[in-house]
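Structure, as structure tokens:
In the working numbering, the protein residues as written are 12 to 303.
Written as structure tokens, this is what we have:
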């Protein structure tokens with residue numbers, strides 16, 4: 012069996028048109044027909060019904076579609092593995108990282124890891140914490156770094172970090188040494204509270220804030236980098252993990268507001284794995300020894 016036949020079959024199944032298939036694959040339309048006929052002869056079933064200029068999968072063709080995708084995936088993974096080996100890589104890790112965790116010093120930690128382990132090829136997928144668990148379960152990634160734990164018995168969940176959550180606002184331009192400290196109640200009275208930028212702690216925190224400040228105005232902003240932009244522009248204030256605003260505080264673009272009446276939660280980072288393999292353990296041991 013030629014893999015070109017499979018590529019032609021998958022493309023034709025997607026387009027439903029042999030002419031478009033030929034254009035996408037940069038081959039002639041008669042070649043498309045030949046590829047499909049050869050594949051049908053090889054597997055012994057009819058794959059397409061013709062409907063005018065369009066083609067439609069037969070019942071057998073639809074059933075074979077998933078098998079063809081798996082064959083192509085195995086073939087391409089093999090080529091990718093050989094290419095990595097030829098470049099000097101002897102191992103590979105695929106990571107799923109939540110956008111919020113990726114906004115910390117994690118890139119710096121990854122750089123240090125790669126400097127120490129140049130034989131390891133790392134691929135990173137940025138995935139929301141809510142979906143990382145499924146990516147690990149489906150073997151799409153080797154390790155998930157998530158803001159949420161898992162109770163799935165098929166996964167291993169380790170707490171990597173506890174990060175302090177703080178209330179931050181835009182810098183008011185006043186001298187931090189001579190100006191009086193910002194008052195918690197005044198900050199909530201004058202600003203929108205930007206919420207839901209972290210999947211782990213907002214549910215309980217909102218109840219606590221509303222009980223203390225029932226008149227507080229809230230605005231949902233789901234992404235932490237957008238939340239920070241809004242804060243710097245003076246559109247609101249928010250509770251964020253300290254690690255995600257370290258640079259903004261040092262550069263004087265944000266101020267921390269002391270909270271005396273609100274019990275602040277921690278923002279946790281969890282490592283999710285499906286297998287207890289040595290490469291995963293080595294990586295997580297390295298990462299856990301660096302404060303994010």
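Beta carbons: idealized from backbone N, C-alpha and C, even for Gly.
These numbers were taken from a predicted model, which means no experiment stands behind them.
Open item on the list: Considering only their Cβ atoms, is the gap separating residue 220 from residue 205 smaller than 8 Å?
Closed with: No; because the gap between Cβ atoms is not below 8 Å, this pair is not in contact.
TODO: Please check the pair residue 283 and residue 161, which I expect to be a contact at CB under 8 Å, by giving their CB distance rounded to whole angstroms.
DONE: Contact between residue 283 and residue 161 is confirmed by a C-beta separation of about 6 Å, below the 8 Å threshold.
- [ ] Within 10 angstroms of the Cβ of residue 233, are there 16 or more other Cβ atoms? Answer buried if so, exposed if not.
- [x] So residue 233 counts as exposed.
Open item on the list: According to DSSP, is residue 200 part of a helix, a strand, or is it coil?
Closed with: Correct three-state label for residue 200: helix.
TODO: Please check the pair residue 239 and residue 262, which I expect to be a contact at CB under 8 Å, by giving their CB distance rounded to whole angstroms.
DONE: The C-beta separation of residue 239 from residue 262 comes to about 12 Å, leaving the pair out of contact by the 8 Å criterion.
Task: Range covered by the alpha helix (DSSP H) that runs through residue 279 - done: Per DSSP, residue 279 belongs to no alpha helix (DSSP H); it is in the beta strand (DSSP E), 277 to 284.
Open item on the list: Which residue wins for smallest C-alpha separation from residue 10, given the options 137, 230, 153 and 28?
Closed with: With the chain running from 12 to 303 in the structure shown, residue 10 is simply not present.
TODO: Could you check the C-alpha separation between residue 102 and residue 121 for me, to the nearest Å?
DONE: Cα to Cα, residue 102 sits roughly 15 Å from residue 121.
Task: DSSP three-state assignment for residue 124, whether helix, strand or coil - done: Helix.
TODO: Assess, as a yes-or-no matter, whether the stretch 78 to 86 is touched by the stretch 130 to 142 under the definition of 3 or more beta carbon pairs within less than 8 Å.
DONE: No, they do not touch.
TODO: Would you kindly work out how many angstroms separate the C-alpha atoms of residue 193 and residue 199, rounded to a whole number?
DONE: Those two C-alpha atoms are separated by around 11 Å.
TODO: Can you tell me which of 90, 47, 105 and 108 puts its alpha carbon nearest to the alpha carbon of residue 79?
DONE: Shortest Cα-Cα distance from residue 79 to any of 90, 47, 105 and 108 involves 47.
Open item on the list: Excluding the 5 residues flanking residue 163 on each side, which residues of the same chain have their C-beta closer than 8 Å to its C-beta?
Closed with: Beyond the five residues adjoining it in sequence on each side, residue 163 comes within less than 8 Å, by CB distance, of 144 and 148 in the same chain, given in chain order.
Open item on the list: Let's test the definition: count the other Cβ atoms within 10 Å of the Cβ of residue 278 and tell me whether it reaches 16, buried, or not, exposed.
Closed with: Buried, because 16 or more other Cβ atoms sit within 10 Å of the Cβ of residue 278.
TODO: Please confirm whether any heavy atom of the ligand NAD lies closer than 7 Å to the CB of residue 237.
DONE: Because no ligand of any kind appears in the structure shown, any question about the ligand NAD cannot be addressed here.
Open item on the list: Would residue 40 and residue 16 qualify as a contact pair, given that the criterion is a beta-carbon distance under 8 Å?
Closed with: No. Outside cutoff.
TODO: Kindly list the residues whose CB is nearer than 7 Å to the CB of residue 236, restricted to its own chain and excluding five residues on each side of it in sequence; keep chain order.
DONE: Answer for residue 236: 114, listed in chain order.
TODO: Find out if the Cβ-Cβ distance for the pair residue 140, residue 252 is shorter than 8 Å.
DONE: For residue 140 and residue 252, no; Cβs fall outside 8 Å.
Open item on the list: Starting from residue 23, trace the alpha helix (DSSP H) in both directions and tell me its first and last residue.
Closed with: For residue 23, the uninterrupted alpha helix (DSSP H) segment begins and ends at 14 to 26.
Open item on the list: With the cut-off set at 8 Å, would you say residue 158 and residue 111 are in Cβ contact?
Closed with: With respect to residue 111, residue 158 sits close: the two C-beta atoms are nearer than 8 Å.
Open item on the list: Mapping the DSSP letters down to three states, classify residue 174 as helix, strand or coil.
Closed with: In this structure, residue 174 counts as strand in the three-state DSSP scheme.
Task: Within 8 Å, strictly: CB atoms of residue 230 and residue 247 - done: Contact flag set, yes.
Task: Helix, strand or coil at residue 164 [DSSP, three-state] - done: It is coil, neither helix nor strand.
Open item on the list: Going residue by residue through the stretch 31 to 69, where are the continuous alpha helix (DSSP H) segments of at least 4 residues, counting only ones entirely within it?
Closed with: As for any alpha helix (DSSP H) of minimum length 4 sitting wholly inside the stretch 31 to 69, the runs are 40 to 54, ordered along the chain.
TODO: Just mark residue 33 as buried or exposed, buried being the case when its beta carbon has 16 or more other beta carbons within 10 Å.
DONE: The residue is buried, with at least 16 neighbouring Cβ atoms inside 10 Å.
Open item on the list: Let me check one thing: in DSSP terms, what residues is residue 107 bridge-paired to?
Closed with: According to DSSP, which records beta bridges pairwise, residue 107 is partnered with 136 and 155.
Open item on the list: So, for residue 22: in the same chain, excluding its five sequence neighbours on each side, which residues have a beta-carbon less than 7 Å away from its beta-carbon?
Closed with: Excluding residues within five positions, the ones whose Cβ falls inside 7 Å are 32, 35 and 36.
- [ ] Report the three-state DSSP secondary structure of residue 252 (helix, strand or coil).
- [x] When secondary structure is reduced to three states using DSSP, residue 252 falls in the strand class.
- [ ] Please report how far the alpha carbon of residue 74 lies from the alpha carbon of residue 300, in whole angstroms.
- [x] Distance between the alpha carbons of residue 74 and residue 300 is about 49 Å.
TODO: Confirm, please, whether the CB-CB distance from residue 183 to residue 266 is below 8 Å.
DONE: Taking 8 Å as the Cβ cut-off, residue 266 and residue 183 qualify as a contacting pair.
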